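Enquirer:
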Amino acid sequence: MKILLVGSGGREHALALGLQADLEVTELHCAPGNSGIAQIAKVHPLDISDNAAILCLAQELDVDLVVVGPELPLVNGVSDVLRRAGIATFGPSKAAAQLEGSKNFAKEVMHDAGVATARSATCTTPAEIEKALAQFGKPYVVKDDGLAGGKGVVVTNDYKEALEHALGCQKVVIEEFLDGPEVSLFGISDGKTILAMQPAQDFKRAFNGDEGPNTGGMGAYSPLPWAPSDIIEQTHREVLAPIIAEMAARGTPFVGLLYAGLSLTDHGIRVIEFNVRFGDPETQVLIPRLKTPLATLLYKAATRDLENETLEWSDDSAVAVVLAADGYPSAPQTIDVGSEFSTITDTYIFYAGGGRLLSATGLGSDLTEARDRAYRAISQIQCQGTFYRSDIALNASVAEKGN
Ligand code: AMP
Ligand code: GLY
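Letter by letter, the sequence shown follows residues 1 to 403 of the UniProt record's numbering.
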């Protein structure tokens, strides 16, 4: 099988590693890729916002499957373009990608599917905004309806900040604050069947102790020893399967990766948000633990053939720590960390580029061992002008040891 993977982040490096390990894969291409991906796949220059260029490359390479990593080309409808040309594609259509592309659309689908989420109001006028802020109260949760490159969501106790953010959006979703630990749980769907992956937890804030600005994610770990033992089954039953059924009933089946961002509240599981692609850095802890051959799995999803599939996982724990450039996320410095560090044992280094330079994923028999390995690698690689959080998976590893 010949595959083209679109994207250039740590997530794509982890996906490339998983795809390449599948014995069915004869050629792995990635565009635009990065220096780490170039060590395991053939990389090609590409502007990922150019649907025609993606189609052209896929046709030129004569691939059997395209796997689309980031949300931008998905929301731009690249999957429709590829499928119209007869190319099997892992990634939702433009219509289905609206689950990430529009917060209001996601709310409507959840409502129709009976999936529990924060109560919310969608506002377009200052009067509606003021009314909604007063109704839901502190902490204020204000979300730009559209894709905003990670800058769309403001959670704050400061009324002025909440109001300003809301007034700056054309359409804004204001909602109740959900109090509970956050979990990322992904499903792989062929449009009818969805397979729930293992849960992971992501660390969104830049600095230790969940301080500092929101980022794309500074680290992750999986599994979650503290989570309810039936979290996978419950999320499948209450969230993933109903959404897939609703999207199919609307005539816009969801084929690809459905990312459920969940809050485990005292009242049960609530959806915080959906994304329509693998999470970064959650993918860097999930793919090293997944034993099911990845390329075959994603091909089956793309060709509507998941019905008899199951996912198999290793018993290892995995912890990923992100090394970021100083100034990330608002104004990251340009840093070249090179690529000579990719052979540290028990540890994967996934390159990214941009503000998040790379991540180190340690594997171990428990979170403590996995953490130690990830941090050993990161402390060797760190250099001037970079930083990382030192508390990724710390509380969970201490709690696990205590049990
Ligand atoms: P983003 O990844 O930029 O969409 O940021 C979303 C983050 O904002 C989530 O990971 C949560 O930490 C937080 N958030 C969003 N909605 C809520 C909510 N209703 N209650 C509490 N936190 C929220
Ligand atoms: N880790 C959060 C995201 O991928 O959106």
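By construction, the Cβ of each residue, glycine as well, lies at the ideal position given by its N, Cα and C atoms.
Bear in mind that the values here come from a model prediction, so they are computed numbers and not experimental data.
Could you give the distance in angstroms between the alpha-carbon of G129 and the alpha-carbon of A320?
Expert: As a position in the sequence shown, residue 129 is number 129, starting the count at 1. As a position in the sequence shown, residue 320 is number 320, starting the count at 1. According to the sequence shown, residue 129 is Ile rather than Gly. For I129 and A320, the distance between alpha carbons rounds to 39 Å.
Enquirer: Is residue 422 helix, strand or coil by DSSP?
Expert: Look at the range of the chain in this structure, 1 to 403, and you will see that residue 422 is not part of it.
Enquirer: Would you check if the distance between the CB atom of L367 and the CB atom of S317 is smaller than 7 Å?
Expert: One-based indexing of the sequence shown puts residue 367 at position 367. One-based indexing of the sequence shown puts residue 317 at position 317. Yes; because the gap between Cβ atoms is below 7 Å, this pair is in contact.
Enquirer: Does ligand 2 have even one heavy atom less than 6 Å from the beta-carbon of N275?
Expert: Translated into positions along the sequence shown, residue 275 becomes position 275. Yes, the beta carbon of N275 sits closer than 6 Å to at least one heavy atom of ligand 2.
Enquirer: Across which residues does DSSP place L65 in a beta bridge pair?
Expert: Residue mapping note: residue 65 aligns to position 65 of the sequence shown, counting from 1. L65 is bridged to I3 and A88.
Enquirer: Just curious, the alpha helix (DSSP H) that G101 is in, first and last residue?
Expert: Here residue 101 refers to the residue found at position 101 of the sequence shown. Unbroken alpha helix (DSSP H) run through G101: Q98 to G101.
Enquirer: Quick one: give me the first and last residue of the beta strand (DSSP E) that I194 is part of.
Expert: Within the sequence shown, numbered from 1, the residue matching residue 194 stands at position 194. Unbroken beta strand (DSSP E) run through I194: I194 to A196.
Enquirer: Which residues in the same chain have their Cβ closer than 8 Å to the Cβ of P242, if we skip the five residues on either side of it in sequence?
Expert: Locating residue 242 in the sequence shown gives position 242, counting from the first residue. Answer for P242: A113, G114 and V115, listed in chain order.
Enquirer: So the candidates are F207, D64 and D62; which of them puts its Cα closest to the Cα of D326?
Expert: In the sequence shown, counting from the first residue as 1, residue 326 sits at position 326. If we check each option's Cα against that of D326, F207 comes out closest.
Enquirer: Would the beta-carbon of T347 fall within 7 Å of that of A324?
Expert: Looking up residue 347 in the sequence shown gives position 347. Looking up residue 324 in the sequence shown gives position 324. Not a contact, by the Cβ cut-off of 7 Å.
Enquirer: Measure the C-alpha to C-alpha separation of Q170 and R270 and round it to an integer number of angstroms.
Expert: As a working mapping, residue 170 is identified with position 170 in the sequence shown. As a working mapping, residue 270 is identified with position 270 in the sequence shown. Answer to the nearest angstrom: the Cα atoms are 26 Å apart.
Enquirer: Restricting to Cα atoms, I'd like to know which of I3, L224, E12 and I194 is closest to F350.
Expert: Against the sequence shown, residue 350 aligns to sequence position 350. Nearest C-alpha to F350: E12.
Enquirer: Nearer than 6 Å: is that true of the beta carbon of E238 relative to any heavy atom of ligand 1?
Expert: What you label residue 238 is simply residue 238 of the sequence shown in a count that begins at 1. Result no, Cβ not under 6 Å from ligand 1.
Enquirer: Do you know offhand how far E176's Cα is from L290's?
Expert: Sequence index remark: in the sequence shown, residue 176 carries index 176 (1-based). Sequence index remark: in the sequence shown, residue 290 carries index 290 (1-based). Between E176 and L290, the C-alpha separation is close to 35 Å.
Enquirer: What is the rounded straight-line gap between the Cα of residue 409 and the Cα of E273?
Expert: Outside the shown range of the chain (1 to 403) lies residue 409, about which nothing can therefore be said.
Enquirer: Any heavy atom of ligand 1 closer than 6 Å to the beta-carbon of V141?
Expert: Sequence index remark: in the sequence shown, residue 141 carries index 141 (1-based). Within the cutoff, so yes.
Enquirer: Answer yes or no: do T252 and A96 have a C-beta to C-beta separation smaller than 7 Å?
Expert: One-based indexing of the sequence shown puts residue 252 at position 252. One-based indexing of the sequence shown puts residue 96 at position 96. Taking 7 Å as the Cβ cut-off, T252 and A96 qualify as a contacting pair.
Enquirer: DSSP beta-bridge partners for D202?
Expert: If you number the sequence shown from 1, residue 202 lands on position 202. According to DSSP, D202 bridges with A220.
Enquirer: Alpha helix (DSSP H) containing F136: first to last residue?
Expert: Residue 136 sits at position 136 when you count from the first residue of the sequence shown. Here the alpha helix (DSSP H) through F136 covers P126 to F136.
Enquirer: Taking C-beta to C-beta, are P288 and V322 nearer than 7 Å?
Expert: Your numbering for residue 288 matches position 288 in the sequence shown. Your numbering for residue 322 matches position 322 in the sequence shown. No, they are not a contact pair.
Enquirer: When you compare the CB positions of V6 and N51, do they come within less than 7 Å of one another, or not?
Expert: As a first step, residue 6 is located in the sequence shown; it is residue number 6 there, counting from the start. As a first step, residue 51 is located in the sequence shown; it is residue number 51 there, counting from the start. No. Outside cutoff.
Enquirer: Note down, in chain order, each residue of its chain lying with its Cβ closer than 7 Å to the Cβ of P92, except the 5 sequence neighbours on either side.
Expert: Mapped onto the sequence shown, residue 92 falls at position 92. L74, S79, F254, V255, G256 and V276, listed in sequence order.
Enquirer: Start and end of the beta strand (DSSP E) containing A260?
Expert: Locating residue 260 in the sequence shown gives position 260, counting from the first residue. Taken as a continuous stretch (DSSP letters only), the beta strand (DSSP E) holding A260 covers V255 to T265.
Enquirer: Tell me, please, which residues DSSP counts as bridged to S379.
Expert: Taking the first residue of the sequence shown as position 1, residue 379 is located at position 379. According to DSSP, S379 bridges with nothing at all.
Enquirer: Any heavy atom of ligand 1 inside 6 Å of the beta-carbon of A41?
Expert: In the sequence shown, the residue the question calls residue 41 occupies position 41. Every heavy atom of ligand 1 is 6 Å or more from the Cβ of A41, so no.
Enquirer: Identify, in the order they occur along the chain, each residue of the same chain with its Cβ nearer than 6 Å to the Cβ of V153, setting aside the five sequence neighbours on each side.
Expert: By one-based count along the sequence shown, residue 153 stands at place 153. Excluding residues within five positions, the ones whose Cβ falls inside 6 Å are K143.
Enquirer: Using 10 angstroms around the beta-carbon of S229, count the other beta-carbons present and answer buried if the total reaches 16, otherwise exposed.
Expert: Position 229 of the sequence shown, counted from the start, is the residue given in the question as residue 229. That one is exposed.
Enquirer: Which of the three DSSP states, helix, strand or coil, is assigned to C30?
Expert: Here the question's residue 30 lines up with position 30 in the sequence shown. Note: C30 maps to strand in three-state DSSP.
Enquirer: Taking buried to mean at least 16 other C-beta atoms within 10 Å of its own C-beta, is Q201 buried or exposed?
Expert: Translated into positions along the sequence shown, residue 201 becomes position 201. Under this definition Q201 is a buried residue.
Enquirer: My parser needs the beta strand (DSSP E) runs of 3 or more residues fully inside the stretch 294 to 344; what are they?
Expert: Correct list: 317 to 325.
Enquirer: For a quick check, are the C-beta atoms of A295 and L185 less than 7 Å apart?
Expert: Mapped onto the sequence shown, residue 295 falls at position 295. Mapped onto the sequence shown, residue 185 falls at position 185. Their beta carbons are not under 7 Å apart, which means A295 does not touch L185 by this criterion.
Enquirer: Between K138 and K160, what straight-line distance do the alpha-carbon atoms span, to the nearest angstrom?
Expert: As a position in the sequence shown, residue 138 is number 138, starting the count at 1. As a position in the sequence shown, residue 160 is number 160, starting the count at 1. If you take the alpha carbons of K138 and K160, they lie about 12 Å apart.
Enquirer: What does D358 pair with, by DSSP beta-bridge criteria?
Expert: In the sequence shown, the residue the question calls residue 358 occupies position 358. Per the sequence presented here, residue 358 reads as Leu, with Asp not at that position. In the DSSP output, where bridge partners are listed per residue, L358 has L323 and Y351.
Enquirer: Would the stretch 217 to 226 and the stretch 391 to 403 be scored as touching if the rule is three or more Cβ pairs under 8 Å?
Expert: In short, these stretches touch, since the Cβ pair count reaches three.
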